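Protein chains in written order, with this note's numbering: chain A, 245 to 356; chain B, 53 to 165.
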Amino acid sequence: DVKVTQSSRYLVKRTGEKVFLECVQDMDHENMFWYRQDPGLGLRLIYFSYDVKMKEKGDIPEGYSVSREKKERFSLILESASTNQTSMYLCASRTANQETQYFGPGTRLLVL
Amino acid sequence: SQKIEQNSEALNIQEGKTATLTCNYTNYSPAYLQWYRQDPGRGPVFLLLIRENEKEKRKERLKVTFDTTLKQSLFHITASQPADSATYLCALLYGGSQGNLIFGKGTKLSVKP
């Protein structure tokens with residue numbers, strides 16, 4: 245079974261803190277994605293990566309950065325957390341030629 | 053730009069009935085359309101994919117249709133059960149074969165015993 249894991253299920257941070265969200269997949273997928281999900285707004289794509297060291301901005305990249313040093317790991321970084329970044333963060337992965345996307349369990353982040 | 057809409061935020065039905073969820077999109081027809089299930093506090097889980105040249109796809113009690121003329125997909129759960137209660141998301145690919153998925157906001161289905 246494909247497994248996508250995220251480092252934390254729940255996280256509480258203070259405004260201005262640097263926050264790291266880690267995502268690891270165990271199926272050698274080329275493509276990895278970070279979304280945030282908010283009530284009434286649905287899933288929105290923050291960043292994605294089609295290969296190691298490669299990253300592309302999604303629809304809402306402002307305030308975020310990413311890192312993909314290894315194929316299996318895709319990190320989302322909040323350089324200086326703000327209250328409007330309180331959200332559910334979801335990581336996903338898929339192979340380059342496969343349509344199905346596999347999601348992690350999500351990290352619920354609260355920024356105080 | 054491509055948009056995808058799920059018209060109903062919530063749908064309440066009685067156990068044993070058929071649930072029908074709607075997904076509409078604008079602009080060009082995608083190569084395929086997907087449906088996911090999401091339980092509270094969890095990530096979405098893939099259920100079914102239907103391609104533009106397929107009219108209908110089935111998997112156990114699930115059925116998906118794809119009408120490129122209406123730019124619409126319908127998702128049916130027959131003989132619904134309380135365990136089917138969840139949010140259901142439709143998604144389509146944009147930006148070519150190496151593109152990204154765009155998701156609808158979801159329909160929350162509640163099946164009452």
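Just so it is clear, CB atoms sit at the ideal spot from N, CA and C, and this is done for glycine as well. Treat the numbers as computed from the prediction; the structure is a model and nothing was measured.
Query: Just how far apart, CA to CA, sit Val163 (chain B) and Glu112 (chain B)?; Result: 18 Å
Query: Less than 6 Å between C-beta atoms, sequence neighbours within five positions excluded: which residues of the same chain meet that for Asp136 (chain B)?; Result: Ile129, Val163
Query: Looking only at DSSP bridge pairs, what is Asp282 (chain A) linked to?; Result: A:Gly286
Query: What residue ranges within the segment 93-135 of chain B form continuous beta strand (DSSP E) runs of no fewer than 3 residues, ordered along the chain?; Result: 97-103, 108-111, 114-119, 124-129
Query: Given that a residue counts as buried once 16 or more other Cβ atoms are within 10 Å of its Cβ, and exposed if not, what is Phe264 (chain A)?; Result: exposed
Query: Could you list which residues in chain A have their beta carbon closer than 8 Å to that of Pro82 (chain B), in chain order?; Result: Going along chain A, no residue has its Cβ under 8 Å from Pro82 (chain B), so there is no contact; the nearest lies around 11 Å.
Query: Do the segment 319-328 of chain A and the segment 337-348 of chain A touch if we need at least three Cβ pairs shorter than 8 Å?; Result: no
Query: Specify the secondary structure class of Gln54 (chain B) as computed by DSSP and reduced to three states.; Result: coil
Query: Per DSSP, which one or two residues make a beta bridge with Leu144 (chain B)?; Result: B:Leu85, B:Ile154
Query: Within the chosen definition, does the segment 246-255 of chain A reach the segment 264-280 of chain A through at least 3 CB pairs nearer than 8 Å?; Result: yes
Query: Report the partner residues of Met276 (chain A) according to the DSSP bridge assignment.; Result: A:Ser293, A:Ser337
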